[in-house]
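Colleague:
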Amino acid sequence: MSESEVALGGAGHAAVMEEPAYAVPPKKLTIWLFIISDAVSFGTVLFAYGYLRVGSTNWGTPFKFSSILNGMIMTFVLLTSSLTMLGAVLAAKAGRKSSSVKWMGLTALLGVIFAALHLREWSHMIAEGWRLFQNPTGGSVEFGAAFFSITGLHLLHVTCGVIAIIVVATGFNRGRLTEGHVETTGLYWHFVDLVWMFVFPLMYLMNAAR
Amino acid sequence: MTVMESDREPGMKFYVGVWIGLLIIAGVEVLLTYQGFSTGTLLAVLLILAVCEAGIALMYFMHLKYERSTLFWSLIPVTIFVLLLMDHFWADALRLTRFRVWPF
Chain H
37 MSESEVALGG
47 AGHAAVMEEP
57 AYAVPPKKLT
67 IWLFIISDAV
77 SFGTVLFAYG
87 YLRVGSTNWG
97 TPFKFSSILN
107 GMIMTFVLLT
117 SSLTMLGAVL
127 AAKAGRKSSS
137 VKWMGLTALL
147 GVIFAALHLR
157 EWSHMIAEGW
167 RLFQNPTGGS
177 VEFGAAFFSI
187 TGLHLLHVTC
197 GVIAIIVVAT
207 GFNRGRLTEG
217 HVETTGLYWH
227 FVDLVWMFVF
237 PLMYLMNAAR
Chain L
70 MTVMESDREP
80 GMKFYVGVWI
90 GLLIIAGVEV
100 LLTYQGFSTG
110 TLLAVLLILA
120 VCEAGIALMY
130 FMHLKYERST
140 LFWSLIPVTI
150 FVLLLMDHFW
160 ADALRLTRFR
170 VWPF
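For the protein sequence lines, the chains are H and L, in the order given. Each residue of the first sequence is one higher than the one before, starting from 37 at the first, in this note's numbering. Each residue of the second sequence is one higher than the one before, starting from 70 at the first, in this note's numbering.
1. Would you report the Cα separation of L238/H and L119/H, rounded to the nearest angstrom?
2. Between G175/H and chain L, is the shortest Cβ-Cβ distance under 8 angstroms, so that the two count as touching?
3. Using CA atoms only, rank isn't needed, just tell me which of S103/H, G86/H, N243/H and L142/H is closest to H154/H.
4. Give the single residue among G222/H, R246/H and F99/H whose Cα lies nearest to the Cα of T173/H.
5. Since R167/H sits in a beta bridge, which residues does DSSP pair it with?
6. For F183/H, is the classification buried or exposed, using 16 other Cβ atoms within 10 angstroms of its Cβ as the cut-off for buried?
7. Give the single residue among F150/H, M121/H and I149/H whose Cα lies nearest to the Cα of V137/H.
8. Applying the criterion that 16 or more other CB atoms from any shown protein chain within 10 Å of the CB defines a buried residue, is E215/H buried or exposed?
9. Counting only beta-carbon atoms, is V97/L nearer than 8 angstroms to chain H?
10. Please list, in chain order, the residues of the stretch 111-126 of chain H that have any C-beta partner in chain L closer than 9 angstroms.
11. Return helix, strand or coil for A130/H, following the three-state DSSP convention.
12. Could you list which residues in chain L have their beta carbon closer than 9 angstroms to that of M271/H, in chain order?
13. What in chain L is Cβ-close to D74/H, meaning under 7 angstroms?
14. Measuring straight from C-alpha to C-alpha, what distance separates L127/L and M242/H?
15. What number of angstroms, rounded off, separates the C-alpha of K63/H from the C-alpha of S138/L?
16. Could you tell me the alpha carbon to alpha carbon distance between C196/H and I149/L, rounded to whole angstroms?
17. Which residues in chain L have a C-beta closer than 8 angstroms to the C-beta of W68/H? List them in chain order.
18. So R246/H contacts chain L; which residues on that side make the cut at Cβ distance below 8 angstroms?
19. What residues from chain H crowd round L92/L, counting only those whose CB sits closer than 7 angstroms?
20. Please decide whether F158/L counts as near chain H, where near means a Cβ-Cβ distance under 8 angstroms.
21. Taking contact to mean at least 3 C-beta pairs separated by less than 8 angstroms, is the stretch 128-137 of chain L in contact with the stretch 80-87 of chain L?
22. Which same chain residues end up closer than 6 angstroms to F78/H when comparing Cβ atoms and leaving out the 5 residues on each side of it in sequence?
23. Using three-state DSSP, classify A119/L as helix, strand or coil.
24. Taking DSSP as the reference, what is the three-state secondary structure of F106/L?
25. Return yes when the Cβ of G147/H is within less than 8 angstroms of the Cβ of A205/H, no when it is not.
26. Do the stretch 65-84 of chain H and the stretch 219-236 of chain H make contact, defined as three or more Cβ pairs closer than 8 angstroms?
27. Taking 7 angstroms as the limit between beta carbons, can you name the residues of its chain near M73/L, skipping five residues before and five after?
28. Nearest-angstrom Cα distance between I109/H and G211/H?
29. Are N209/H and K129/H closer than 8 angstroms when you measure CB to CB?
30. Just to confirm, is the Cβ distance from W95/H to S176/H under 8 angstroms?
31. Can you confirm whether M128/L, when its beta carbon is compared against all beta carbons of chain H, has any partner nearer than 8 angstroms?
32. Is it right to say W225/H is buried, meaning 16 or more other beta carbons lie within 10 angstroms of its own, or is it exposed?
33. Can you tell me whether DSSP reads A152/H as helix, strand or coil?
Rendered as structure tokens:
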């Protein structure tokens with residue numbers, strides 16, 4: 037039975053019920069609506085940061101090349117995890133369950149590596165004296181607030197994504213969940229990657245010591 | 070595969086190409102950071118590249134290109150419009166920019 041037929045309550049009812057909106061299964065449309073609302077949330081904090089950044093006269097550019105290099109590695113890891121998640125979705129759609137689960141396992145591992153690199157960056161900064169409202173270089177105190185808030189919000193999304201991938205991989209492997217669940221989890225994971233495409237240049241590159 | 074999905078979806082080889090393209094754009098962003106641009110110019114350049122990256126990810130990684138076009142037209146223009154409104158009519162944020170002498 038297809039995903040859409042399941043959503044409509046079975047093949048027998050499909051003929052008398054209208055097609056789901058936009059010709060996508062309800063759970064896929066739901067994750068799209070969540071992504072859009074989450075995009076606006078990230079847009080809000082990034083706009084706030086942008087105005088603080090250009091409006092401040094003493095913002096400072098504290099990131100040495102080692103931090104930028106760390107950010108580049110994080111970007112590589114997260115972009116690669118999107119590719120492995122695509123592998124999981126393609127394998128799930130092709131009915132290759134074990135292959136899909138392996139791809140999801142690799143994606144979760146890359147997510148954990150990303151989070152570890154992120155926390156390493158945070159611990160270095162905290163050791164240097166950076167806090168939410170404290171700037172050890174004497175510049176604008178909003179830098180710490182903006183950096184920890186925005187990267188923290190993104191890290192929270194990564195953590196939730198890793199947990200979701202592990203749960204879905206387990207459920208899919210046991211036959212409790214379908215390829216539709218793998219696809220919607222993949223959409224969320226790609227969104228987390230998409231947000232990083234703005235966080236990295238705005239939070240790291242804009243604050244690189246040049 | 071669901072009965073409503075498109076059969077046009079490409080294979081893994083194509084997505085590897087997209088992934089390489091995204092990595093190249095990220096590398097260009099880092100290179101441009103050290104070219105000595107002013108803050109305003111660098112912000113504009115990085116935002117343009119980030120929007121390009123996001124567009125590619127949205128269309129290919131998130132498969133929006135392979136969905137029915139009504140899904141794209143219902144979701145994306147409205148989101149961009151909301152973000153632009155937020156940027157344009159954020160009075161307090163505009164006040165913040167006046168703390169500093171233009172151009173910065």
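No residue lacks a Cβ here, since even glycine has one placed at the ideal position from N, Cα and C.
Modeller: Looking at the atomic coordinates:
1. Whole-angstrom Cα-Cα distance: 23 angstroms.
2. no
3. S103/H
4. F99/H
5. Q170/H
6. buried
7. M121/H
8. buried
9. no
10. Going along the stretch 111-126 of chain H in chain order, one finds T111, F112, L115, T116, S118, L119, M121, L122, G123, V125 and L126 with a Cβ nearer than 9 angstroms to chain L.
11. coil
12. Residue 271/H lies beyond the residue range present for chain H, which begins at 37 and ends at 246; the question has no answer from this structure.
13. Ordered by position in chain L, no residue passes the 7 angstroms Cβ test against D74/H, which lies about 11 angstroms from the chain.
14. 24 angstroms
15. 18 angstroms
16. 26 angstroms
17. Result: L140 and L144.
18. T102, Y103 and G105
19. F112 and L115
20. no
21. A contact exists between the stretch 128-137 of chain L and the stretch 80-87 of chain L.
22. V231
23. helix
24. coil
25. Taking C-beta atoms as the reference points, A205/H and G147/H fail to come closer than 8 angstroms.
26. yes
27. Legend: pLDDT at M73/L = 44, less than 50; position of this residue unreliable, no value from coordinates given.
28. 35 angstroms
29. no
30. yes
31. Judged by the 8 angstroms Cβ criterion, M128/L is not in contact with chain H.
32. Answer is buried; the Cβ neighbour count reaches 16.
33. Collapsing the DSSP output to three states places A152/H in a helix.
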